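Chemist:
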Amino acid sequence: MKLWMFTLLLTVFPATASSDIITLGYDNDTFGYGYNPLSAGEAVAVRFTPEQAVVNIVGIRARIRAYSAACGENQFWILDDDGPEGSPGTTLYGPDRMTAPISWGWVQLDFEKSQVTTVEGEFYVAYIKTGTEGICADLGHSLGPGNGRYWEYKDKTWTWMGSSSPYQYNLRVLVEAEPVPTEKISWSRLKNRTVLRTLN
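Numbering (mature numbering (1 follows the signal peptide of the UniProt record, and there is no 0)) for the sequence shown: -17 to -1, 1 to 183.
1) With respect to the beta strand (DSSP E) encompassing L157, which residues constitute its N-terminal and C-terminal limits?
2) Under the three-state reduction of DSSP, which class applies to K137: helix, strand or coil?
3) Do G129 and S146 have their C-beta atoms closer together than 7 Å?
4) How should N11 be labelled, buried or exposed, when 16 other C-beta atoms within 10 angstroms of its C-beta is the threshold for buried?
5) In the DSSP assignment, the beta strand (DSSP E) including R132 goes from what residue to what residue?
6) Could you work out which residue in Y136, S97, L7, V156 is closest to E25 when comparing CA atoms only?
7) I need the boundaries of the beta strand (DSSP E) containing T73, first residue and last residue.
8) Name the one or two DSSP bridge partners that L92 has.
9) Looking at M144 and Y133, is the spacing between their C-beta atoms short of 7 Å?
10) Less than 7 Å between the beta carbons of D79 and F106, yes or no?
11) So the candidates are Q98, L122, P67; which of them puts its Cα closest to the Cα of I47?
12) May I ask you to report which of helix, strand or coil DSSP gives S125?
13) DSSP three-state call for E103: helix, strand or coil?
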């Protein structure tokens, strides 16, 4: 007679796994003004703090005021927060272009599957100015209490706008939570016993 020891494995699928799309934003959702103190090639950025540890960025939303169809393309940029003192650092995606309507309005850039960017922790989404102020397009902003999330990019340098800056940029991001990985757990460990089978 032989005794064989078997360990049964149970795969657990956590109920918290989700692919719901979440919109993150820190403006007060009011129609404000076009943010004008930028020249072509300069940028503003918003620091985003998702509740989940890891998220997939699947799109960007922005309220844009475009003045001319000839230069209605706007550039967007996703960066890590690994710059000096948590400033925008490594490029994670872009810059990419989005065409805005000739008027105020929210526009949305939906990423193709190959463009989806996975990030861990905080990150930045930036709007890069194109063309001439008041002629091409401006990023909208609301006026409200400062929250310390906004940065400016001028002369190839990122500068924090401070915790009291009244600008709330109309720039948002669409994310989905990264599914929690499955875990294989020993059934015998759960039952605190080993399954024995007798073979004649």
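Where is the CB? At the ideal position from N, CA and C, for every residue including glycine. Just so we're clear, the structure is a prediction, and the values are computed from it rather than from any experiment.
Modeler: Looking at the atomic coordinates:
1) Segment 154 to 160, the beta strand (DSSP E) holding L157.
2) Under the three-state reduction of DSSP output, K137 falls in the strand class.
3) A contact, by the Cβ cut-off of 7 Å.
4) By the 10 Å Cβ count, N11 comes out exposed.
5) Run containing R132: none; DSSP gives neither H nor E here.
6) The shortest CA-to-CA distance from E25 to any of Y136, S97, L7, V156 is the one to Y136.
7) In this chain, T73 is not harboured by any beta strand (DSSP E), its DSSP state being neither H nor E.
8) Beta-bridge pairing links L92 to I43.
9) Y133 is a Cβ neighbour of M144, given a cutoff of 7 Å.
10) Their beta carbons are not under 7 Å apart, which means D79 does not touch F106 by this criterion.
11) In this structure, L122 is the residue among Q98, L122, P67 with its C-alpha nearest to the C-alpha of I47.
12) Of the three classes helix, strand and coil, the one that applies to S125 here is strand, per DSSP.
13) Residue state, collapsed to three classes: strand.
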